[in-house]
Amino acid sequence: MDETAEKVSQSFMKEFNLPREFINHEAITNAYYTYEKCESMANMIKNRVNFEPKVAIVCGSGLGDIGNLLENAVFIAYSEIPEFPRTTVLGHKGNLIFGNLSGMPVVCMQGRFHPFEGYSMALCTLPIKIFKLLGCKVVVLTNAAGGLNRSLNVGDIMLIKDHMSLPLLSLKNPLIGVNDDRFGPRFVPINKLYSKNLRDLFKECSKELNIPINEGVYGTIGGPSYETVADSKFCLASGMDCVGMSTSHEAIVAAYCGLKVLACSIITDMAPIDYDDHDPDHSEIVKIAAAKAKHLERLICSFLKKLKDNLNLLD
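In terms of UniProt numbering, the sequence shown is residues 1 to 315.
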């Protein structure tokens, strides 16, 4: 590492109170976050919270306000948890919120971690392992995404039935490295990753609330740069309906840990498929996500109520 890079790394560590291992994107592996280390982090959280969450909700860009709906809420900032990463992206507040939502004990993650922030896949998916150790059975993943399929419109909600991840196809799988069977098995089938039973329950909520939703395939790119026109055309031709920079690796680790997964996107912009198309803008994306979040919040609240009445789906 040259002198300039060393100074930048030291500045970054000081600003975000990170240990030295965080200098190297690849340094934080599954061998570093052992079962015992994750268990210690989970126990610290349990000492602050007097109930066991059954559902974890991961909030994407501009979608963190659902955490404010929790009853008897207990806030734990990421900075209070030793060796927990920090969010650096606009629209990601950096809190775990524990409480009840629609009668269901939940933990809400206000802000996720992305590889483009300099974090390894192991670090980005660390919270999912913590959720398992806290007692969660279901993970609800939300994100802001760019629409590829032109049948989608800005503001639409898309239920994710499958994903395609370009980073994961190029040796960036979060399960690479040392495996601990206490988390999950070495080889994980993910052809039914996004639970059909949970999706059907979510669709029932959509009909009852008269909030239309779409269903499609989510595509993951590395970021932080947005797609070129050629990228977008390739992703669309490959079967992706929308594209973002998160979610798929979290879903894989959730399945690995034995958690059921529900995931949905708010379409906040249309990915460019022509050179005259509008340029994506993150601040605009966050505003659109926040403006459209109320519909998603209502759907999630209704979903949790139905899930509470169908606890067999947690097994």
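For every residue, glycine included, the Cβ atom is placed at its ideal position computed from N, Cα and C.
query	result
Simplified DSSP state of glutamate 284, which is helix, strand or coil	helix
Per DSSP, the bridge partner or partners of cysteine 235	For cysteine 235, which the question treats as bridged, DSSP gives no partner whatsoever.
Short Cβ contact (8 angstroms threshold) for methionine 240 with glycine 222	no
Cα-Cα separation, asparagine 47 to aspartate 231	47 angstroms
Opening and closing residue of the beta strand (DSSP E) in which valine 106 lies	104 to 110
Spatial distance of leucine 193 from isoleucine 252 (CA atoms)	7 angstroms
Sub-8 angstroms separation of leucine 299 and isoleucine 211 beta-carbons	yes
Residue span of the alpha helix (DSSP H) that contains asparagine 72, given as start and end	Note, asparagine 72: premise wrong, no alpha helix (DSSP H); beta strand (DSSP E) at 71 to 77.
Distance between aspartate 276 and valine 106 (C-alpha atoms, nearest Å)	44 angstroms
4-residue-minimum alpha helix (DSSP H) runs that sit fully inside the stretch 180 to 222, ordered along the chain	196 to 209
Spatial neighbours of arginine 112 in its chain, beta-carbon cut-off 8 angstroms, leaving aside the 5 residues before and after	Val58, Cys59, Gly60, Thr87, His92, Cys124, Pro127, Ser246 and Glu250
Contacts around glutamate 71, its chain only, beta-carbon distance under 8 angstroms, and the 5 residues preceding and following it disregarded	Gly99, Asn100 and Leu101
Assigned secondary structure, aspartate 2 (DSSP; H/G/I helix, E/B strand, else coil)	Only weak support is given to the placement of aspartate 2: the predicted model assigns it a pLDDT of 41, under 50, and the value that follows is read from those uncertain coordinates. Aspartate 2: coil per DSSP, three-state reduction.
Three or more C-beta pairs below 8 angstroms linking the stretch 37 to 57 and the stretch 126 to 141	yes
Top-ranked residue by Cα proximity to valine 154, from Asp274, His114, Asn68 and Asn214	Asn214
Assumed close pair cysteine 235, valine 243 - CB separation to whole angstroms, cut-off 8 angstroms	5 angstroms
Sequence-distant residues of its chain with Cβ nearer than 6 angstroms to alanine 254 (five each side left out)	Ile128, Val139 and Val261
Enclosing alpha helix (DSSP H) for asparagine 134 [first to last residue]	According to the sequence shown, residue 134 is leucine rather than asparagine. Where leucine 134 is concerned, the enclosing alpha helix (DSSP H) stretches over 126 to 134.
DSSP three-state assignment for asparagine 312, whether helix, strand or coil	helix
Strand pairing of serine 165, partner residues [DSSP]	Thr220
Cβ-based neighbour list, cysteine 301, same chain, cut-off 8 angstroms, excluding 5 preceding and 5 following	Leu69, Leu101 and Ser102
C-beta neighbour in chain D for isoleucine 211, strict 8 angstroms	Checking the listed chains, one finds no chain D in this structure; it contains a single protein chain.
Own chain partners of histidine 114 with C-beta closer than 8 angstroms, once the 5 adjacent residues on each side are dropped	Val89, Cys124, Gly223, Pro224, Met245 and Ser246
Chain-order list of residues whose beta-carbon lies under 8 angstroms from that of lysine 305 (same chain, five-residue window excluded)	Ser102, Gly103 and Met104
Spatial distance of leucine 141 from aspartate 200 (CA atoms)	16 angstroms
7 angstroms CB neighbourhood of histidine 295 in its chain, flanking five on each side removed	Ile157 and Ile211
Among Leu313, Asn95, Pro185 and Glu297, nearest to serine 206 - alpha-carbon criterion	Glu297
Residues sharing a beta bridge with phenylalanine 98, DSSP	Val74 and Val107
Beta-bridge pairing of methionine 270 - partner residues as DSSP gives them	Gly147
Rounded C-alpha distance that separates isoleucine 97 from lysine 54	13 angstroms
Given asparagine 191 as reference, the closest of Glu208, Val217 and Tyr78 once Cα atoms are compared	Val217
Opposing strand residues paired with serine 265 [DSSP bridges]	Asn143 and Met158
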